[in-house]
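Read through the structure below, which is laid out as structure tokens, and then see the notes.
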Amino acid sequence: MIRETRLAPGNFILPLFVLPGSGIKEPVASMPGVHRFSADKIGDEARATADAGIPAVLLFGVPERKDEDGTDAWKDNGPVQSAIRAIRKAAPRLTIITDVCMCAYTTHGQCGHVQKGPGGVNDVDNDATLELLARMATSHAKAGADVIAPSDMMDGRVGFIRESLDEQAFDHISILSYAAKYASGFYGPFRDAADSSPKDGDRKSYQMDPANVREALREMGQDIAEGADMIMVKPALAYLDVIRAASEEFDHPLCAYQVSGEYSMVMAAAERGWVDGPRVMMETLTAIKRAGADNIITYYAKEASRILEKGEG
Ligand SMILES: [Zn+2]
């Protein structure tokens, strides 16, 4: 009766990994309970997600072929584009959000167009990357995505993508911006699932310093000014103060991404019997909501919804 924070399946967004090929549903070793699907196999998962009361999925693609500029990212029959169409058919009411970034599609694993900088280190060319991101976003919109989620952290990307979408009559498509994405050690297992580790160098030049919160608020304000409809903090549990600050500063819907490392740490400890997995998961999800997140992107979405449904949360 006096509980202040309530989780509901309607708060969750389930991330899904899509592979090229057909007939594939394979487990991700570093993320117990998480699978990668080919587009023809994703319909059942989408239906189960919708049936659990979860309103949205977030798609990540693994391309057939990587190249220097990640040109597979805007292929009309690429894994993500095909998955969008399959999900739309299997679960028409599910909101389809797609991740937009080049890192899973480039041979070098950086998030955009690369130029050799001083000392031979790879440097991402911000402005050349915007063009690639806009092509990828438009291709997803054309396939039927509802929300485009740019995760690359290039400067000016939200405005650039917004303009490109509008020009091609996709002005009804929303943008969920990874506004505050920290250079975090918690992304390890995801890079397994999405084959997206940088081959050399890292992403510190365009992801945020974990020590900064005012910078996060500036980035979010900037993305909102450029036309973001929703904003995100990523990762979640180590950045609850950032979520809190963002929820107090902005009126826009606020997502928090409980990332792969947050998920896998709990699952691994639970496997060893060191913690009560479901209990710790529900506790962390509650904390993220309590901090001020409206929606939580979590690999635990279906399981959490089941627990809530049974009244055990
Ligand atoms: Zn990236």
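Heads up, the sequence shown is in numbering that gives the first Met the number 0, so the first residue is 0 and it goes up one at a time. Even glycine gets a Cβ: it sits at the ideal position worked out from N, Cα and C. Being a predicted model, the structure only gives us computed values, none of them experimental.
Cβ neighbour criterion (16 or more within 10 Å) applied to residue i
| i | result |
| --- | --- |
| residue 49 | buried |
| residue 76 | exposed |
| residue 215 | buried |
| residue 233 | buried |
| residue 112 | buried |
| residue 115 | exposed |
| residue 28 | exposed |
| residue 106 | exposed |
| residue 14 | buried |
| residue 170 | exposed |
| residue 313 | No information on residue 313 is available, as it lies outside the stretch 0 to 312 that the chain covers here. |
| residue 168 | exposed |
| residue 218 | buried |
| residue 273 | exposed |
| residue 126 | exposed |
Cross-strand partners of residue i (DSSP beta bridge)
| i | result |
| --- | --- |
| residue 171 | According to DSSP, which records beta bridges pairwise, residue 171 is partnered with nothing at all. |
| residue 176 | 230 |
| residue 37 | 18 |
| residue 11 | 295 |
| residue 316 | Residue numbering for the chain in the displayed model covers 0 to 312; residue 316 lies beyond these limits and cannot be assessed. |
| residue 61 | Bridge partners of residue 61: none, in fact. |
| residue 96 | 57, 146 |
| residue 130 | In DSSP, residue 130 forms no bridge with anything. |
| residue 121 | 115 |
| residue 25 | 35 |
| residue 75 | In the DSSP output, where bridge partners are listed per residue, residue 75 has none listed. |
| residue 181 | 207 |
| residue 4 | Looking at the DSSP assignment, residue 4 forms no beta bridge with any residue, so it has no partner. |
| residue 66 | 105 |
Distance between residue j and residue i (C-alpha atoms, nearest Å)
| i | j | result |
| --- | --- | --- |
| residue 17 | residue 35 | 6 Å |
| residue 250 | residue 244 | 12 Å |
| residue 210 | residue 180 | 12 Å |
| residue 141 | residue 70 | 16 Å |
| residue 270 | residue 38 | 30 Å |
| residue 277 | residue 165 | 43 Å |
| residue 256 | residue 175 | 12 Å |
| residue 136 | residue 1 | 44 Å |
| residue 85 | residue 139 | 13 Å |
| residue 281 | residue 58 | 23 Å |
| residue 225 | residue 7 | 31 Å |
| residue 186 | residue 235 | 12 Å |
| residue 9 | residue 47 | 14 Å |
| residue 258 | residue 285 | 15 Å |
| residue 63 | residue 153 | 25 Å |
| residue 89 | residue 41 | 9 Å |
| residue 213 | residue 20 | 44 Å |
| residue 5 | residue 66 | 45 Å |
| residue 93 | residue 11 | 12 Å |
| residue 45 | residue 190 | 23 Å |
| residue 194 | residue 103 | 6 Å |
| residue 143 | residue 283 | 33 Å |
| residue 239 | residue 133 | 31 Å |
| residue 252 | residue 267 | 32 Å |
| residue 68 | residue 101 | 8 Å |
| residue 295 | residue 121 | 33 Å |
| residue 150 | residue 177 | 5 Å |
| residue 228 | residue 173 | 6 Å |
| residue 157 | residue 230 | 11 Å |
Quiz item: In chain order, which beta strand (DSSP E) runs of at least 3 residues are fully inside the region 239–292?
Solution: 253–256
Exercise. Can you list the residues near ligand 1, meaning Cβ strictly closer than 6 Å to any non-hydrogen atom, in the order they appear in the chain?
Key: 100, 102, 110, 150, 151
Practice problem: Could you name each continuous beta strand (DSSP E) segment of 3 residues or more that falls completely within the region 188–242, going from the start of the chain to the end? | Solution: 229–233
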